[in-house]
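Taking this note's numbering, the leading residue of the sequence shown gets 1, the next gets one more, and so forth.
Think of the CB as a built atom: it goes at the ideal place given N, C-alpha and C, for glycine as much as any other residue.
No experiment lies behind these values; they were computed from the predicted model shown.
Before any comments, here is the structure.
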Amino acid sequence: MPSTLGTCKLCRQNKTLLQSHIIPKFIVSWLKKTGSGFFRMATSPNIKYQDFPKRRLLCSDCEQRFSSKEEYFSRKVFYPYIETKPAHIYYSQSLHYFLVSVLWRILAADPGKYKKQCRKFSKELEETEEDWRLYLIAKKTSIKSDVHLFISDILETATIPVRHFNVYMARGIDATIATSSSDCLVYCKLARFCIFSPLMSYDLSKWVNTKISNGKGKLIIPQKLLDGRIGDFFLDRIRSAYAEYNRNISERQRQKIHEYQEKNIRKIINSDLGEALLRDSYSAIDKGFFPKRKLLRNEPCPCGSGLKYKKCCGK
C-alpha cells in the first residue's frame, strides 16, 4: 500500500500515512460481488472504477483501530441483516464506535470543503470533528451528538417516490453534510445502512428505533423516520445524483452500458443489483411525492428521470 510521511488526522502524530478507505473496504467488495463488478460515479459516469477514492488520512496504528471495528460491523451487523433480515440485532459499543468513525472520516477527509459549503455551521462542524476525534482515540468516553442508524431495503410495493429509488436505498454510497436555515447533520450511506448524526436540536420521538447507544443495545427492525425533512432529504439526494449522472454520461457510454446489460442479463437478474433494478423498472412513480406547487414545463421532472417535466411526467 503506498505511503508517505505526514500528520495522522486521528492521533495528530507525524507518522507514515496509509491510503485509507473513506468507505470501508468490505462494503466495496460486497457491492462489486453483488453487482456488475465495478462502479460508476455520478460525477464521472464515463469511467469504470474498481474502488472508491482513498485518502492519506491515517497512520498504521489508527488504521488498525478502525479495522477491528469494521470487522465487527461486517460480521455482527452488515452480513446478518443482508443474509437473514432479522427482527432485531444485539450490538456492543463497537457499533457506536464504528458509526462515529465513518462520520468522522467524512469531516476529516476534506474539512475545507465543508467549511466552505456550510459556513453557517463551520464552528459546530469543527467542534464536532474534534469531539469525535478525541472519542475515537479514547481521550473521551462519549460524544455530544446522537448517532442514528437507519436500515433501508428494496421496496416490494407497486409504487416508488422517485425513479431509481430502490437502487439508491439498497445499494447507494453517499456522504454529505446536510444543512438548512436551522439544521445541520452529518450523513453517510453504506448500501442499506444510513448513518446520521444531527448536530442541532431535533425531535427524537420522530426517529423510531434508530438511535445507537454508546454501549450494549438492541436494534429493533422495522424502524421509522417520521421527520418529514429526512424523507425530503432522501428524495433530493436521489434526484440530484441521477440528474448529475444524466448530465455527465456520454451517449457512447450509454450504448456500452446497454450492450453490457444485454450480454450479462442473466447474471444481472440473479444479483442484488438486478433485484433493485427490476423492482424500480416495474414500479410506478407515486406523484403524491411531487412538490405541491405547480411545476413549470421546462423544470427537471421531480421523478428523477433527468428529463424536463414536459417530456416526462408532465406529458
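- According to the DSSP assignment, F98 belongs to the alpha helix (DSSP H) that extends over Q93 to A109.
- Assignment of A87 by DSSP, reduced to helix, strand and coil, places it in the coil class.
- By the C-beta density criterion, F150 is buried, having at least 16 other C-beta atoms within 10 angstroms.
- If you look at S122, you'll find it isn't in any beta strand (DSSP E); it sits in the alpha helix (DSSP H) that goes S122 to L136.
- When secondary structure is reduced to three states using DSSP, C188 falls in the strand class.
- Scanning its chain for C-beta atoms nearer than 8 Å, with the 5 sequence neighbours on each side dropped, one finds around E126 the residues P111 and K115, in chain order.
- Inter-residue distance for D174 and I212 is about 20 Å (C-alpha atoms, whole angstroms).
- Taking the Cα positions, W132 is about 16 Å away from E63.
- Under the DSSP definition of a beta bridge, Q19 partners with R56.
- Assignment of P198 by DSSP, reduced to helix, strand and coil, places it in the strand class.
- A direct Cα-to-Cα measurement between S181 and I238 gives close to 21 Å.
- By the criterion of at least three beta-carbon pairs nearer than 8 Å, the region 159-167 is in contact with the region 279-287.
- Here G217 is bridged, per DSSP, to Y91.
- In this structure, L95 places its C-beta atom within 8 Å of the C-beta atom of F73.
- Residues D131 of the same chain have their beta carbon placed closer than 6 Å to that of K144, with the five preceding and five following residues left out of the count.
- Comparing alpha carbon positions, the residue from N214, K216, G215 and V208 closest to P222 is V208.
- Between the region 12-19 and the region 49-63, the count of Cβ pairs shorter than 8 Å is three or higher; the stretches touch.
- Here Y242 is not bridged, per DSSP, to any residue.
- Remark: three or more beta-carbon pairs, one from each stretch, lie closer than 8 Å, so the region 238-255 and the region 39-51 are flagged as touching.
- If the five residues before and after D51 are omitted, its C-beta is found closer than 7 Å to the C-beta atoms of V28, all from its own chain and listed in chain order.
- The three-state reading of DSSP puts A42 in coil, since its state is none of H, G, I, E or B.
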